[in-house]
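I have placed the structure first, in the form of structure tokens, so that the comments after it can refer back to it.
In the working numbering, the protein residues as written are 127 to 419.
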């Protein structure tokens, strides 16, 4: 009997430990949400996703805040990692949020690297966002970070939206089709933030340079684990050639006259006087290096 009672007590304790672990994770998520950087004229409220809308033609979630909390239609919703969507229907205690991946949703965005402003359209939450009908010479590349531009007055400026995942050129129509993966993790939503002050203050939209500055400040605090490396956000330059590759292009141009000075560049030729005496035999291995590279 004692053994059975001890096992039951141990089982209860283990279940409590599991719940403590879950509470710890929830606490960490809430801290990340509350630590999201905002402008001085923005207010926020934490809300929780309580269900998803069972509609194959619409990507929406239901949150536990409604009109009694001051929620209004068109209100922007974000997570600790980026933009989620906007409120499209408000009840007394709940509201419905249309996700940015919905096929009917479009969002003005800006490329953080070069301030190009475009529109990101939803393509269904099983696919990435799509930037359509862009000229073939548009300077957008894989790894570019897309942030809200503030145009239209609905979403505040500088919040992360997506990272470019694919760039394809349509040769028949002479434009580029670009896809971008949302940073908010729209398939795993639980705690969100409702924002106030984004479209009610009548403030003038920011310039691209101001959006760039605000976005950098927010990205440093919101989502370092989602962003690509700093090299991927900027222009990618080719890596410099190795030290051996620099003297080798000069050898074919100067002929045999370059073989004599090329011998001292190799440390193996200076190990003994015997190997340094025949310059003709020592010059052949460097001549084979360009072919091997």
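Every residue gets a Cβ at the ideal spot worked out from N, C-alpha and C, and that includes glycine. Keep in mind that this is a model prediction, so the values were computed, not measured.
Check                                                                                                                                  : Outcome
Bridge partner(s) assigned by DSSP for residue 221                                                                                     : 189, 216
Assumed close pair residue 187, residue 315 - CB separation to whole angstroms, cut-off 8 Å                                            : 6 Å
Boundaries of the beta strand (DSSP E) in which residue 261 is found, first to last residue                                            : 255-261
Residue 357 versus residue 250: straight-line alpha-carbon distance, rounded                                                           : For residue 357, the predicted structure reports a pLDDT of 48, less than 50, and the residue's modelled location is therefore unreliable. A value from the coordinates is still provided. Near 30 Å, if we compare the C-alpha coordinates of residue 250 and residue 357.
Contacts around residue 174, its chain only, beta-carbon distance under 7 Å, and the 5 residues preceding and following it disregarded : 189, 190, 316, 317
Given residue 309 as reference, the closest of 269, 301, 298 once Cα atoms are compared                                                : 269
Residues of its chain near residue 295, where Cβ-Cβ distance is below 7 Å and the 5 sequence neighbours each way are ignored           : 262, 302
Residue 302 in three-state terms, based on DSSP                                                                                        : strand
For residue 266 and residue 245, believed in contact at Cβ under 8 Å, the rounded distance                                             : Not a contact, Cβ separation roughly 13 Å.
Backbone CA spacing between residue 202 and residue 237 [nearest angstrom]                                                             : 20 Å
Best match in 227, 136, 172 for proximity to residue 206 [C-alpha to C-alpha]                                                          : 172
When 195, 231, 225 are compared against residue 169, the one with the closest alpha-carbon                                             : 195
Same chain, Cβ closer than 7 Å to residue 131, neighbours up to 5 away in sequence not counted                                         : none
Among 223, 342, 216, 199, the one whose alpha carbon lies nearest that of residue 275                                                  : 342
Pick from 230, 279, 307, 233 that is closest to residue 292, judged by C-alpha positions                                               : 307
Straight-line Cα distance separating residue 272 from residue 222                                                                      : 25 Å
For residue 274, the three-state DSSP class (helix, strand or coil)                                                                    : strand
Selection from 128, 197, 230, 321 that minimises the alpha carbon distance to residue 282                                              : 321
In DSSP terms, what residue 173 is bridged to                                                                                          : 318
For residue 211, the three-state DSSP class (helix, strand or coil)                                                                    : strand
Counted within 10 angstroms of its Cβ, other Cβ atoms place residue 239 as buried (16 or more) or exposed                              : buried
Residue of 219, 213, 184 minimising C-alpha distance to residue 199                                                                    : 213
Residue 204, enclosing beta strand (DSSP E) - first and last residue                                                                   : 202-204
Cα-Cα separation between residue 225 and residue 135, rounded to whole angstroms                                                       : 45 Å
Limits of the beta strand (DSSP E) - the one that residue 245 falls within                                                             : 243-247
Cβ shell of residue 177 (< 6 Å), same chain only, five flanking positions each side left out                                           : 188
First through last residue of the beta strand (DSSP E) which encompasses residue 235                                                   : 232-237
Selection from 285, 289, 335, 299 that minimises the alpha carbon distance to residue 319                                              : 285
Contacting residues, own chain, Cβ-Cβ under 6 Å from residue 256 (five flanking each side not counted)                                 : 247, 249, 305
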